[in-house]
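Novice:
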Amino acid sequence: MVKCACGSECNVQIYSCSGAADVGQIADVATREINKKELAAMGCLAGIGGNVSGIVKSAEGADKIVVVDGCPLKCAKKNFDEKSIDVSEHFVVTEFGLKKGCSPANNENIQKIVKEIENKLK
1 MVKCACGSEC
11 NVQIYSCSGA
21 ADVGQIADVA
31 TREINKKELA
41 AMGCLAGIGG
51 NVSGIVKSAE
61 GADKIVVVDG
71 CPLKCAKKNF
81 DEKSIDVSEH
91 FVVTEFGLKK
101 GCSPANNENI
111 QKIVKEIENK
121 LK
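Shown next as structure tokens:
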């Protein structure tokens, strides 16, 4: 749980692309770091796409949904759009200067995305 701007605790869930491209890996690892820092609880994107009722209900009950996509295809966010679940914050790794196919999933690139997410969630 994290604190909302109003001071109360929020159920913030974060979901990530884990696509085959380097930027998908960056999105996934950055999301896992946000989860470890307890800024948001990582949810199962495959469960959203697979229409697993308990996972979908958990997302529907969240105070905030954060989605991290790797590239402009925005596959992760489309899972929520198809279920009419509102996304509070949406990040696309390639919108932060990283290029698909040319951005290794190294600590520098991962931390760049972690910082962008942290800045929005804090």
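When you line the sequence shown up against the UniProt record's numbering, it's residues 1 to 122, in that order. Using N, Cα and C, we set each Cβ at its ideal position, and we do this for glycine too.
1. Output needed for A105: all residues of its chain with C-beta closer than 8 Å, excluding positions within five of it in sequence on either side, in chain order.
2. Mapping the DSSP letters down to three states, classify V116 as helix, strand or coil.
3. Is any non-hydrogen atom of the ligand MG found closer than 6 Å to the C-beta of C102, if you look at the structure I gave you?
4. I need the boundaries of the alpha helix (DSSP H) containing K77, first residue and last residue.
5. Can you give me the Cβ contacts of E118 inside the same chain, cut-off strictly under 8 Å, excluding the 5 residues immediately before and after it?
6. May I ask you to list the residues that DSSP assigns as paired with D69?
7. Based on Cα-Cα distance, which residue from A62, K78 and K115 lies nearest to M42?
8. Among I85, D86 and C102, whose alpha-carbon lies nearest the alpha-carbon of V93?
9. Check whether the Cβ atoms of L121 and N109 lie closer than 7 Å to each other.
Specialist: Per the coordinate set shown:
1. D22, Q25, I26 and V29
2. Inspection of the sequence shows that residue 116 is occupied by Glu rather than by Val. The answer is helix: DSSP assigns E116 an H, G or I state.
3. Of ligands this structure carries none, so the ligand MG is not represented either.
4. C75 to E82
5. I34, K37 and L39
6. V92
7. A62
8. C102
9. no
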